[in-house]
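Have a look at the structure below before the remarks.
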Amino acid sequence: MSPKTATILIVDDDGATLTSLGGFLELEGYGVETAMNGREALDKLARIPPPALILLDLKMPVMDGWEFLSERSRDRASRAVPIVLLSGLPFIPNAPGVVDFLSKPIHPPRLLECVRRFCGDPARGGRKVPAGRPTSRT
0 MSPKTATILI VDDDGATLTS LGGFLELEGY GVETAMNGRE ALDKLARIPP PALILLDLKM
60 PVMDGWEFLS ERSRDRASRA VPIVLLSGLP FIPNAPGVVD FLSKPIHPPR LLECVRRFCG
120 DPARGGRKVP AGRPTSRT
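Numbering that gives the first Met the number 0 numbers the first residue of the sequence shown as 0 and each following residue consecutively.
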């Protein structure tokens, strides 16, 4: 694999979302790992180096996002990884480790701004990019 600024774990039960978000972020220079539910994400976190960021859907079969957050909080290595929630829900309460929220459908410019804020910008040598404006919280 070529050098990447950061690896991002995308957790969503929709294959099209995984493909589109993952492909977009790879084109921007990020490494991407994917999981179709919270259980698969926990299994992956046990096998790979901690990612720089987790993009987490809330409504998934097998293990939803809320269960994932609860389980992940018990793992010292992964609980330090910031999480951005992805959801069509209008309101998301605060949860440990959650640093931001993006409303579905995800708009690529807003996603990229959020990822660059927490993971840096490959085009700028991996330096983090200050937020130009807050990401969606609606």
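Ideal Cβ placement from N, Cα and C applies to all residues, glycine included.
Under the three-state reduction of DSSP, Leu88 is assigned to coil, being neither helix nor strand. Setting aside the 5 residues that flank it on each side, Met62 is surrounded in the same chain by Asn36, Gly37 and Arg38, each with a C-beta closer than 6 Å to its C-beta; the list follows chain order. A Cβ-Cβ contact shorter than 8 Å links Leu8 with Glu32. Within a 10 Å sphere around the beta-carbon of Thr18 sit fewer than 16 other beta-carbons, which makes this residue exposed. Annotation for Pro50: Thr6, Ile7, Leu8, Glu32 and Val80 place their beta carbon closer than 7 Å to its own, counting only its chain and skipping 5 residues before and after.
Contact between Pro95 and Ser72 holds, since their C-beta atoms are separated by about 6 Å, short of 8 Å. Burial state of Ala122 is exposed, judged by a 10 Å Cβ sphere holding fewer than 16 other Cβ atoms. With a minimum length of 4 residues, the unbroken runs of alpha helix (DSSP H) contained wholly in the stretch 26 to 108 fall at 37 to 46 and 64 to 71. Its chain contains Phe23 as the residues whose beta carbon lies nearer than 6 Å to that of Pro107, once the 5 sequence neighbours on both sides are disregarded; these appear in chain order. Around the C-beta of Asp56, 16 or more other C-beta atoms lie within 10 Å, and the residue is accordingly described as buried. Contact between Glu70 and Leu41 holds: their C-beta atoms lie close to 6 Å from each other, under 8 Å. With fewer than 16 other CB atoms across the displayed protein chains lying within 10 angstroms of its CB, Ala45 is exposed.
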